[in-house]
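A short write-up of the structure that comes next.
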Amino acid sequence: MARYTLSFAVLVASFCNEASVPVGGFSLGTNANLKAPFVNTRSSTSEHLPKACQSERITARHASLAEEVTETAEPLSVPLSFNEMVTMTSKAMNDAYDAGITRQTVRVMLPRDPSSGNLGQYYENDAGGVNSNNVFTADNTVLVPPDETWQGGIMQLYRAAAPTCQEILRRFSTNTGGIPAKLVEDRSIDESGVDGVGLWMSQNVSPDDDISCFVQPTQESIDYVESISNSAGKRLVMILNPQWRNVDDALDSASKGGGFFGGVASFLGGKGGSLQRLDDLGFENVFVIEGYVCKGGNIRLVKRFDTDWGVFAESDDATKYVSVGTSKSRPTYQECDKMLEDMGISVKYARDIGMAPKL
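Numbering follows the working numbering, in which position 17 of the sequence shown is assigned residue number 742; successive positions increment by one, without gaps.
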């Protein structure tokens, strides 16, 4: 959905009440402005804390994590396979949950057919498949950033993001008594049906262990995220590969300024207001893998909730990634380029023809 348009359902809901619609372990209740449309239907012993208590808890947690970041953080690396990536993601989520972070944002690469990079390829198969145990497998795939190179657009991305979400939830969920969690998909939050947004619910033996995961949410999905978060209490609510970018454009920067002009910028599509609402709910980046091309080669940015950003460059034989630097804040393209320069890494075409050392 275009970023300069408002969600039709949100406008309609501002003037009329909605009927109750079940969503996994939650249900859509009557509410005119969609501020809290979900009500928990699976009883839980966890109680929802007031926002003031949440803020105090979050502030205290941040202070504690800041002191322990360098001592307890996992060493960063770039996953080379789908299984390795899912394992790293679920490990970071579990560590964050143990540290008290129950509202998590995750950005990962997605499995893609290896032939996607071939010139003249007009049709691209979906990556991976389902085995006899109904488990997604992605053995013959490559991990690719969710960018504009995907021919099928946002819906093709969803077909790769949904099974990725399922595997992450399977790894994270507790199989009490050997009983695996039940995974339920709800696409009703994708009001147009073509925005590539979904909600996955992991329902465990104990309702306290239930998980809600929003896959590729847009800014128009924040009402739903807010409602699920408010009714989930201490249970995990996560966002996987949100459709807004980490970097800011002019509208994004203006919308973060607040005031009248900030409100106008948010109305026109700036993400500042949406990010502020997520911050108020306690959402944090728990595990992030992003990528782009620098000097003709693939660069990967990796971060856990308890580490700085790590920058890695792909070797020329595409068998590993080499660490080229770290950064306290998300490094810009120019900063990554300088890291490569400082490491003596030349442009890829020069390395390919023997004019510069191989990486």
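Beta carbons: idealized from backbone N, C-alpha and C, even for Gly.
query                                                                                                                         : result
Cα-Cα separation between Ile904 and Pro932, rounded to whole angstroms                                                        : 14 Å
First and last residue of the uninterrupted alpha helix (DSSP H) at Lys1073                                                   : Lys1073 to Asp1077
Tyr1046 - partner residues in DSSP beta bridges                                                                               : Glu1039
Reduced DSSP category for Thr812 - H, G, I as helix; E, B as strand; rest coil                                                : helix
Alpha-carbon spacing of Thr874 relative to Arg837, whole angstroms                                                            : 11 Å
Helix, strand or coil at Glu873 [DSSP, three-state]                                                                           : coil
Beta-carbon proximity list for Pro839, same chain, < 6 Å, skipping 5 on both sides                                            : Val867
Coarse secondary structure for Leu1065, derived from DSSP in three states                                                     : helix
Helix, strand or coil at Gly1022 according to DSSP, with G and I counted as helix                                             : strand
Option nearest Met834 by Cα separation, candidates Asp820, Val950, Ser898 and Cys890                                          : Cys890
Chain-order list of residues whose beta-carbon lies under 6 Å from that of Asp1062 (same chain, five-residue window excluded) : Cys1019
Status (buried if at least 16 other CB within 10 Å, exposed otherwise) for Ser954                                             : buried
Paired residues, beta bridge with Val930 - DSSP                                                                               : Answer is none; Val930 lacks a bridge partner.
Contact belief for Ser927 with Val962 at Cβ below 8 Å, rounded distance in angstroms                                          : In fact, because the Cβ distance is near 11 Å, the residues do not count as touching under 8 Å.
Endpoints, the beta strand (DSSP E) within which Phe939 is located                                                            : Ile936 to Val940
For Met1080, three-class secondary structure by DSSP                                                                          : coil
Sequence ranges, beta strand (DSSP E) only - wholly within the stretch 942–973, length at least 3                             : 961–965
Of the residues Leu894, Gln968 and Val1036, the one placed nearest Asp920, counting alpha carbons only                        : Gln968
Residues near Tyr822 in its chain [Cβ-Cβ closer than 7 Å; skip 5 each side]                                                   : Leu961
Cβ separation of Ala817 and Arg1029, assumed to be a contact under 8 Å, to the nearest whole Å                                : 5 Å
C-beta atoms of Asp1033 and Thr1051 nearer than 9 Å                                                                           : yes
Beta-carbon gap between Ile893 and Thr814 smaller than 9 Å                                                                    : yes
Span of the alpha helix (DSSP H) around Arg1055                                                                               : Counting along the chain, Arg1055 falls outside any alpha helix (DSSP H), and DSSP gives it neither H nor E.
Residue environment, Ser917, which counts as buried when at least 16 other CB atoms sit within 10 Å                           : exposed
Pair within 9 Å by beta-carbon distance, Trp925 and Asp911                                                                    : yes
Unbroken alpha helix (DSSP H) run spanning Thr827, endpoints                                                                  : No alpha helix (DSSP H) contains Thr827, which DSSP labels as neither H nor E.
Range covered by the beta strand (DSSP E) that runs through Arg837                                                            : Leu835 to Arg837
Run of the alpha helix (DSSP H) containing Leu805, from where it starts to where it stops                                     : Where Leu805 is concerned, there is no enclosing alpha helix (DSSP H), given that its DSSP letter is neither H nor E.
Beta-carbon proximity list for Glu1039, same chain, < 6 Å, skipping 5 on both sides                                           : Gly1022, Asn1023 and Tyr1046
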